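Student:
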């Protein structure tokens, strides 16, 4: 985790605008999986095409960061930029976009899911180390209670309770968040 | 459930014992979920237990599929009498059974945790959940032990027994509380 991982999106944008390389690296790290997921899950692109979209999106983000009217709106702005880049790429490849109504609906649902996942990930990163680690081990790495207990030197029979308490904190963290602003 | 029972009772090779044990563990996780859902008034962290039960259920679904497919492959290898094929096909079946023991033991521990926080009207539900999960963990350990290419001193046999023991401790503790 970098020192900037707890910096808000608006804080990152402000630092990127004055040429802070470390802030730019954190911005790319924070949104890289999001951009790839929109391309691959929302537009069903191949890994190679999604990587091309990734390059284009971050090149345009770097060039146009000054156009962003509200620094808080970084996430929806990147989402919109990614959508447009995906559509341009599909059209330039001579491929047909699927039925627009069905595709838009499915894509909106996918984007909503991805937004939710990103919010959970951000909230998780803001959690105390002990909670982040135990939740990551159980929900992301699928480790058993026994493995978690041994790795973290926690008494057997207490892991499920600890996970529940940490989930409670994560929920409070998420509920205390502002919903992402609309793209500017 | 009816579909599983029909398939289980059919003359096809699978689903068989491992799938039945995995389904038992999934039912146990569902009982924990019910107890947690009905205890929200007295248990602020009930949502955490529900989320863990959902994660364990998802793992058990994947394990059930792995158990079926590895068992089919192992039986086809045995039918072929090809020693190399048998040597390659049987260990994954033991790995899937070991994973069942691990996950079922987690369900038993989750049930034990739920028993101490849930509305006590549901103590019997989570106790039965722990007993069912223990049965599934023990079944997994048995399937590891009887795998033809696994020796008695194999680490997987030992670990599966430990997982079954872990599940037993959780279930025995609850059964002795009432």
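Protein chains in written order, with the numbering used here: chain A, 46 to 229; chain B, 2 to 179. Backbone N, C-alpha and C define an ideal beta-carbon position, used for all residues, glycine too. Quick caveat, the model's predicted, so the values are computed rather than measured.
Name the chain B residues that come within less than 7 Å of residue 212 of chain A, Cβ to Cβ?
Tutor: Result: 48, 49 and 52.
Student: In chain order, what residues of the stretch 67-82 of chain A put their CB closer than 7 Å to some CB of chain B?
Tutor: So the list is empty, because no residue satisfies the distance condition.
Student: Counting only Cβ-Cβ distances shorter than 9 Å, please list the residues of the stretch 200-211 of chain A near chain B, keeping chain order.
Tutor: Residues passing the 9 Å Cβ filter: 201, 202, 203, 204, 205, 206, 208, 209, 210 and 211.
Student: Within 10 angstroms of its Cβ, does residue 63 of chain A collect 16 or more other Cβ (buried), or is it exposed?
Tutor: Classification of residue 63 of chain A: exposed, given that the 10 Å Cβ count is below 16.
Student: So, is the C-beta of residue 189 of chain A closer than 7 Å to a C-beta in chain B?
Tutor: It does: the Cβ of residue 189 of chain A has a partner Cβ on chain B nearer than 7 Å.
Student: Compare the beta carbon distance of residue 77 of chain A and residue 170 of chain A with 7 Å and say whether it is the shorter of the two.
Tutor: No.
Student: Residue 95 of chain B CB to nearest chain A CB: under 7 Å?
Tutor: Answer no: the Cβ-Cβ gap between residue 95 of chain B and chain A never drops below 7 Å.
Student: Under a CB-based cut-off of 7 Å, is residue 99 of chain A close to chain B?
Tutor: Residue 99 of chain A does not count as touching chain B.
Student: Should residue 147 of chain B go down as buried or exposed, given a rule of 16 or more other Cβ atoms within 10 Å for buried?
Tutor: Flag for residue 147 of chain B reads exposed.
Student: Can you list, in chain order, the residues of its chain with a C-beta nearer than 8 Å to that of residue 97 of chain A? Leave out the 5 residues immediately preceding and following it.
Tutor: Closer than 8 Å at the Cβ level, and outside the excluded window around residue 97 of chain A, lie 134.
Student: Assign residue 44 of chain B to one of three DSSP states: helix, strand, or coil.
Tutor: Reduced to three states, the DSSP call for residue 44 of chain B is coil.
Student: What span of residues does the alpha helix (DSSP H) with residue 102 of chain B cover, start to end?
Tutor: Taken as a continuous stretch (DSSP letters only), the alpha helix (DSSP H) holding residue 102 of chain B covers 84-118.
Student: Just to confirm before moving on: does the CB-CB distance between residue 27 of chain B and residue 5 of chain B stay below 7 Å?
Tutor: Their beta carbons are not under 7 Å apart, which means residue 27 of chain B does not touch residue 5 of chain B by this criterion.
Student: Quick one: give me the first and last residue of the alpha helix (DSSP H) that residue 28 of chain B is part of.
Tutor: 18-38 is the span of the alpha helix (DSSP H), which, as asked, contains residue 28 of chain B.
Student: Looking only at its own chain, which residues have a Cβ that is under 6 Å from the Cβ of residue 50 of chain B, when we skip the five neighbours before and after it?
Tutor: Within the same chain, residue 50 of chain B has close Cβ partners 37 and 115.
Student: Whose Cβ in chain A lies nearer than 7 Å to the Cβ of residue 83 of chain B?
Tutor: Chain A residues near residue 83 of chain B: none, gap ~33 Å exceeds 7 Å.
Student: So what's residue 147 of chain B in DSSP terms, helix, strand or just coil?
Tutor: Looking at residue 147 of chain B - three-state DSSP - the assignment turns out to be coil, as it is neither helix nor strand.
Student: For the stretch 87-115 of chain A, which segments carrying the beta strand (DSSP E) assignment without a break, of at least 3 residues, lie completely within its bounds, in sequence order?
Tutor: Here no run is fully enclosed.
Student: When you compare the CB positions of residue 98 of chain B and residue 156 of chain B, do they come within less than 7 Å of one another, or not?
Tutor: No; because the gap between Cβ atoms is not below 7 Å, this pair is not in contact.
Student: My guess is that residue 130 of chain B and residue 105 of chain B are in contact by the Cβ rule of under 8 Å, so how many angstroms apart are they, rounded?
Tutor: Their Cβ separation, rounded to whole angstroms, is 11 Å, which puts residue 130 of chain B and residue 105 of chain B out of contact at 8 Å.
Student: What residues of chain B sit near residue 216 of chain A, judged by a beta carbon separation below 9 Å?
Tutor: In chain order: 48 and 49.
Student: With a Cβ-Cβ cutoff of 7 Å, do residue 25 of chain B and residue 174 of chain B count as a contact?
Tutor: Taking 7 Å as the Cβ cut-off, residue 25 of chain B and residue 174 of chain B do not qualify as a contacting pair.
Student: Which residues, in chain order, does the stretch 101-115 of chain A contribute to contact with chain B at a C-beta distance below 9 Å?
Tutor: Cβ contacts with chain B: none found.
Student: Are any of the Cβ atoms in chain B nearer than 7 Å to that of residue 184 of chain A?
Tutor: Judged by the 7 Å Cβ criterion, residue 184 of chain A is in contact with chain B.
Student: If we cut at 7 Å on Cβ distances, does residue 107 of chain B have a partner in chain A?
Tutor: So yes, residue 107 of chain B belongs to the interface.
Student: Is there a Cβ of chain A sitting closer than 7 Å to that of residue 176 of chain B, yes or no?
Tutor: Residue 176 of chain B does not count as touching chain A.
Student: For a minimum of 4 consecutive residues, which ranges assigned as the alpha helix (DSSP H) are wholly contained in the stretch 52-86 of chain A?
Tutor: Taking only runs of at least 4 residues, the alpha helix (DSSP H) segments lying wholly in the stretch 52-86 of chain A are 54-62 and 66-82.
Student: Have a look at residue 30 of chain B and residue 100 of chain A and give me their C-alpha separation to the nearest angstrom.
Tutor: Residue 30 of chain B and residue 100 of chain A: Cα-Cα distance of roughly 44 Å.
Student: Does the structure place the stretch 57-75 of chain A close enough to the stretch 112-119 of chain A that three or more beta carbon pairs sit under 8 Å?
Tutor: The stretch 112-119 of chain A, when compared against the stretch 57-75 of chain A, does touch it at the 8 Å Cβ threshold.
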